[in-house]
């Protein structure tokens, strides 16, 4: 795969709720970084376990670099439909364009299952 390019893939509907749930639990029992700038730093420092990007960010260029950085650092990433829903999952009053789970806390088993599922999906789409 060429550097600076990633394959956009659809996250199956049955993974969306577990991702929101993992964000909810991780934000209260583990450690997460919220927002494009913080997530970018977490990826560059290779401290993110998984990165979640909202699909409804406008303009999309705001988060377009995140999947590319994730691929370069071999960090799994997923897309969710709503930045409003992601913000709510994180306990925020506002929306969030991107989140990095640094420490999944009590959501460890959910995050591991999500990462396994994403690996299978990405493997099939390459």
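In the numbering used here, the protein residues as written are 2 to 127.
Beta carbons are placed, not taken as given, at the ideal position from N, Cα and C, and that holds for glycine.
As the structure is a prediction and not an experimental result, all values here were calculated from the model.
Check: Between the Cα of residue 98 and those of 11, 75 and 38, spot the shortest distance and give me the residue it belongs to.; Outcome: 38
Check: With a Cβ-Cβ cutoff of 7 Å, do residue 17 and residue 49 count as a contact?; Outcome: no
Check: Please classify residue 86 as buried or exposed, where buried requires at least 16 other C-beta atoms within 10 Å of its C-beta.; Outcome: buried
Check: Check residue 98 in the structure and name its three-state DSSP category.; Outcome: coil
Check: Taking 7 Å as the limit between beta carbons, can you name the residues of its chain near residue 117, skipping five residues before and five after?; Outcome: none
Check: Compare the Cα-Cα distances from residue 100 to each of 31, 20 and 35 and report the closest residue.; Outcome: 35
Check: Taking the continuous alpha helix (DSSP H) assigned at residue 76, which residues delimit it?; Outcome: Note, residue 76: premise wrong, no alpha helix (DSSP H); not H, not E.
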